[in-house]
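Novice: Going by full-length UniProt numbering, the first residue of the sequence shown is number 1, and it counts up by one from there.
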Amino acid sequence: MPPMKVDNLKQGFFGIGIQNGKTPENLGVLWRSAQNMGASFIFTIGNRYAKQACDTHKAVGAMPYFHYETFEDFYTHLPKGAMLVGVELTEEAEPLEEFKHPRRCVYLLGAEDHGLSKKAIEKAHFLVKFRSTYSLNVSVAGSIVMYDRGMKQ
Ligand SMILES: C[S@@+](CC[C@H](N)C(=O)[O-])C[C@H]1O[C@@H](n2cnc3c(N)ncnc32)[C@H](O)[C@@H]1O
């Protein structure tokens with residue numbers, strides 16, 4: 001009999017989600033990336049996810065999806081020991097290229113129109129950005145961060 005796979009006993013996990021995401025298409029694309037790039041869960045804050053054709057791999061049925069009405073609700077229920085990593089193109093954010101991803105963390109992306117809220121920026125344990133002339137589409141941004149995490153592991 002082949003040995004049992006023990007990958008799921010490895011320490012560490014990450015979740016990824018959007019604060020007040022505006023378009024269901026972006027969420028669908030982000031979920032698809034999350035499912036394929038090793039996320040343990042996905043979530044929304046504020047605006048809720050509605051079933052979307054872009055989520056072709058049906059991530060919502062394949063991994064836990066959490067919804068929080070407010071940032072406070074989300075922040076209070078962060079998984080034990082997980083760091084909050086805000087992804088935002090702000091002055092104070094550190095470059096993703098040099099970022100050491102926490103073993104257990106939650107990546108939070110901002111809305112298409114207003115980005116992350118002030119509160120989220122204040123409360124994030126880390127803020128990261130990657131080089132781009134203007135801000136990128138939110139699901140593209142999330143995919144870049146997850147790819148970077150995967151490459152550094
Ligand atoms: C379209 S952008 C928001 C733009 C918003 N108008 C602003 O200026 O704050 C949507 C989200 O994508 C992510 N994002 C896009 N480009 C990024 C970059 N270069 N570095 C980090 N995050 C980025 C952030 O989470 C951002 O909140």
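Ideal Cβ positions, reconstructed from N, Cα and C, are used throughout, including at glycine.
(1) Is S143 near ligand 1, going by C-beta to nearest heavy atom under 7 Å?
(2) At 3 residues or longer, and completely inside the UniProt domain "tRNA/rRNA methyltransferase SpoU type" (19-147): list those beta strand (DSSP E) runs for me, N to C.
(3) Can you say whether N26 is buried or exposed, counting buried as having 16 or more other CB atoms within 10 angstroms of its CB?
(4) Within 10 Å of its beta-carbon, does K100 have 16 or more other beta-carbons around it, so buried, or fewer, so exposed?
(5) Residues bridged to G17 by DSSP?
(6) Give me the Cβ distance between A124 and L108, rounded to the nearest whole Å; I'm assuming they're in contact under 8 Å.
(7) In whole angstroms, what is the alpha-carbon distance linking C105 and S40?
(8) Here's the rule: buried if 16 or more other CB atoms are within 10 angstroms of the residue's CB, otherwise exposed. What is K129?
(9) At a threshold of 7 Å, does S135 count as lining ligand 1 (C-beta to nearest heavy atom)?
Specialist: So, to answer that:
(1) S143: no, Cβ never under 7 Å from ligand 1.
(2) Qualifying beta strand (DSSP E) stretches, in chain order: 41-45, 65-68, 83-87, 104-109 and 126-129.
(3) N26 counts as buried, since no fewer than 16 other beta carbons sit within 10 angstroms of its beta carbon.
(4) With a 10 Å radius around the Cβ and a threshold of 16 neighbouring Cβ atoms, K100 comes out exposed.
(5) The partner list for G17 (beta bridge, DSSP) reads F43 and L108.
(6) With a Cβ gap of about 7 Å, A124 and L108 count as contacting.
(7) Linking C105 to S40 through their CA atoms gives a straight-line distance of about 10 Å.
(8) Buried, by the Cβ-count rule.
(9) Yes, the Cβ of S135 comes within 7 Å of a heavy atom of ligand 1.
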